[in-house]
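Asks:
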Amino acid sequence: MRIRTTRLATIAVTAALTLGGSVAVTSARASTGTGNSDANVSARGGLGIVTSASATANADGTYTVTWTDRWPGPMHVYASTDVDRFTSLVGTTNGNSLTVSGLDPAKRWYFDITPTGPFVGMVTAPRSLGLQSAPNARDIGGYRTSRGLTVKYGQVFRTDALGKATDADVARLASLGLDVSADFRTDTEIAANGVNKLPAGTVVENLPIADGNLTNITNAAVGSRDPIKQQELLGNGKAAAALENIYRGFVDDPAQRAQFATVLRDIAEGKSVIYNCTAGKDRTGWMTAVVLKALGVDDATVYGDYLASNDNLRARNEGTKAGLKAAGLMQDPTLMDPLLYVQKSYLDTAFAQVQKKYGSFDDYLRKGLNIDPITELKLRARLLAF
0 MRIRTTRLAT IAVTAALTLG GSVAVTSARA STGTGNSDAN VSARGGLGIV
50 TSASATANAD GTYTVTWTDR WPGPMHVYAS TDVDRFTSLV GTTNGNSLTV
100 SGLDPAKRWY FDITPTGPFV GMVTAPRSLG LQSAPNARDI GGYRTSRGLT
150 VKYGQVFRTD ALGKATDADV ARLASLGLDV SADFRTDTEI AANGVNKLPA
200 GTVVENLPIA DGNLTNITNA AVGSRDPIKQ QELLGNGKAA AALENIYRGF
250 VDDPAQRAQF ATVLRDIAEG KSVIYNCTAG KDRTGWMTAV VLKALGVDDA
300 TVYGDYLASN DNLRARNEGT KAGLKAAGLM QDPTLMDPLL YVQKSYLDTA
350 FAQVQKKYGS FDDYLRKGLN IDPITELKLR ARLLAF
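Residue numbers (numbering that gives the first Met the number 0): 0 to 385.
1. Looking at SER271 and ASP178, is the spacing between their C-beta atoms short of 9 Å?
2. Among the candidates ALA105, SER145, VAL119, whose CA atom is the shortest distance from the CA of ASP111?
3. Judging by CA-CA distance, which residue of ASP281, THR287, ALA238 is the nearest neighbour of ALA260?
4. Return the residue from the list GLY200, ARG247, THR92, VAL76 that minimises the CA-CA distance to THR86.
5. Do VAL64 and THR91 count as a contact pair if the criterion is CB distance below 9 Å?
6. Terminal residues of the continuous beta strand (DSSP E) containing LEU97?
7. Identify whether TRP70 lies in helix, strand or coil by the three-state DSSP scheme.
8. Among the residues of its own chain, which have a CB less than 6 Å from the CB of ALA136, if the five just before and after it don't count?
9. For the structure I just gave you, are there three or more beta carbon pairs, one from the segment 163-174 and one from the segment 102-109, closer than 8 Å?
10. Across the segment 325-336 and the segment 228-244, are there enough close Cβ pairs to call them in contact, namely three or more that are closer than 8 Å?
11. Look up ASP265 in the DSSP assignment and say whether it is helix, strand or coil.
12. My parser needs the alpha helix (DSSP H) runs of 4 or more residues fully inside the segment 263-333; what are they?
13. For LYS163, I'd like the list of residues in its chain whose CB is within less than 6 Å of its CB, leaving aside the five on either flank, ordered along the chain.
14. Using alpha carbons as the reference points, say which of LYS355, SER223, VAL82, ASP166 lies closest to PRO125.
15. My output table needs one value for THR217: the three-state DSSP class, helix, strand or coil.
16. If you compare alpha carbons, which of SER180, LEU291, ASP265 is closest to TYR305?
17. Looking at the structure shown, is THR165 part of a helix, part of a strand, or coil, going by DSSP?
18. Check LYS366 in the structure and name its three-state DSSP category.
19. Using three-state DSSP, classify ARG247 as helix, strand or coil.
20. Helix, strand or coil: which one does DSSP assign to VAL353?
21. What residue range does the alpha helix (DSSP H) around ASN205 cover?
22. Taking all protein chains shown into account, decide if SER308 is buried (16 or more other Cβ within 10 angstroms of its Cβ) or exposed.
23. My understanding is that ASN192 touches ALA220, with C-beta atoms under 8 Å, so please give their C-beta distance in whole angstroms.
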């Protein structure tokens, strides 16, 4: 596995989390030269004046990097394919945005916005991984916690199934430095949609989580071609209720809890992990909610990331619905919406079940997922930066 942070920064994060405070880490700024010394590692240090940042990949191959700061001043923008090492200065500006061109479009790029002087910068990247075959593939980094720390980019990724990944997609995945691919799909799903196509050397963990008979219900409804039967099986809130029941199972079923816990431990052990189900929205959505919640990300942000699947999958879903209608399989394909899209109520249901069964999310981590305090501390030290 790749070393993702300096030892000093890790110790500082651990101390901050243990003591409940914040620690300023002073370390060398990445140089614009080459080499393997710690001076080339972009560690967070000094006083933070960049308060937020984002990066967008544009259709013409350029990137737009934007940020906000506490007061104006020259900003240096660095670009790198290694989230921990920034050696290429791509621009300096007194403004709050920069368009960057000339970067290899086949690779994933991270950007470090660093002020002049003894101030800490901020790393950002496009959230989407830009995979042709998996529109819901994204980085879970960049979110802020209630303590003002930031979830690191380039460590943990969520995605829909990768069975149809193109050669370009696999090359893009190779640039992520993945250690583990955790697949929540069942054998039936994998047989239907294909084994994930991954870079050589990626360890595959098959962690199947059943869909609560939802596939059979859906197949029965669509296969019947009968509008009345389809309404009986999926209409009047029945499809949404079936999904909510699946989300209760994420919390109640010991076997499912064990699968989610495996991924948490992989991350805590320093592995770079990508995890998926079929659409990357339900099992993958709950896994991401658990990770972000364990890191201290606020509920509004957790829900925002969860619901982003709807926009990412909209084109594919609407195409699926149009195909069902054109083929004469469904007169009212909107009956499929609760299955194709996520709803706030689904995540509400899982969190409510956590509260009902364990009393708190912390107890769910301890007693439900068997994540001990040391593992949780390692998870936070691994994924959080100043």
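Here a beta-carbon is modelled for each residue, glycine too, at the ideal position from N, C-alpha and C.
Replies: With the structure as the only source:
1. For the purposes of this step, residue 178 is identified with residue 179 of the sequence shown, where counting begins at 1. For the purposes of this step, residue 271 is identified with residue 272 of the sequence shown, where counting begins at 1. Yes, they are a contact pair.
2. In the sequence shown, counting from the first residue as 1, residue 111 sits at position 112. Of the candidates ALA105, SER145, VAL119, the one whose C-alpha sits nearest the C-alpha of ASP111 is VAL119.
3. Here residue 260 corresponds to residue number 261 of the sequence shown, with the count starting at 1. It is THR287 whose Cα lies nearest to the Cα of ALA260.
4. As a first step, residue 86 is located in the sequence shown; it is residue number 87 there, counting from the start. Residue VAL76 is the option with its Cα nearest to THR86.
5. If you number the sequence shown from 1, residue 91 lands on position 92. If you number the sequence shown from 1, residue 64 lands on position 65. Not closer than 9 Å, so no.
6. Here residue 97 refers to the residue found at position 98 of the sequence shown. Segment 96-99, the beta strand (DSSP E) holding LEU97.
7. Taking the first residue of the sequence shown as position 1, residue 70 is located at position 71. If DSSP states are grouped into helix, strand and coil, TRP70 belongs with coil.
8. On the sequence shown, position 137 is the one that residue 136 refers to. The answer, listed in chain order, is LEU128, LEU130, THR158.
9. yes
10. yes
11. Start at 1 with the first residue of the sequence shown, and residue 265 comes out as number 266. ASP265 falls in the helix class under three-state DSSP.
12. 282-294, 298-325
13. Start at 1 with the first residue of the sequence shown, and residue 163 comes out as number 164. Excluding positions up to five away in sequence, the list reads SER132.
14. For this step, residue 125 is matched to residue 126 along the sequence shown. When only C-alpha atoms are compared, the closest one is VAL82.
15. Start at 1 with the first residue of the sequence shown, and residue 217 comes out as number 218. THR217 falls in the helix class under three-state DSSP.
16. Translated into positions along the sequence shown, residue 305 becomes position 306. It is LEU291 whose Cα lies nearest to the Cα of TYR305.
17. Locating residue 165 in the sequence shown gives position 166, counting from the first residue. Here THR165 sits in coil by DSSP.
18. On the sequence shown, residue 366 is found 367 positions in, with the first residue counted as 1. Helix.
19. Translated into positions along the sequence shown, residue 247 becomes position 248. Note: ARG247 maps to helix in three-state DSSP.
20. Locating residue 353 in the sequence shown gives position 354, counting from the first residue. In this structure, VAL353 counts as helix in the three-state DSSP scheme.
21. Numbered from 1 along the sequence shown, position 206 holds the residue referred to as residue 205. Taken as a continuous stretch (DSSP letters only), ASN205 belongs to no alpha helix (DSSP H), being part of the beta strand (DSSP E) at 202-205.
22. Position 309 of the sequence shown, counting from 1, holds the residue named residue 308. By the neighbour-count rule (16 or more Cβ atoms within 10 Å), SER308 is buried.
23. Stepping through the sequence shown from its first residue, residue 192 is reached at position 193. Stepping through the sequence shown from its first residue, residue 220 is reached at position 221. ASN192 to ALA220, Cβ: 20 Å. No contact.
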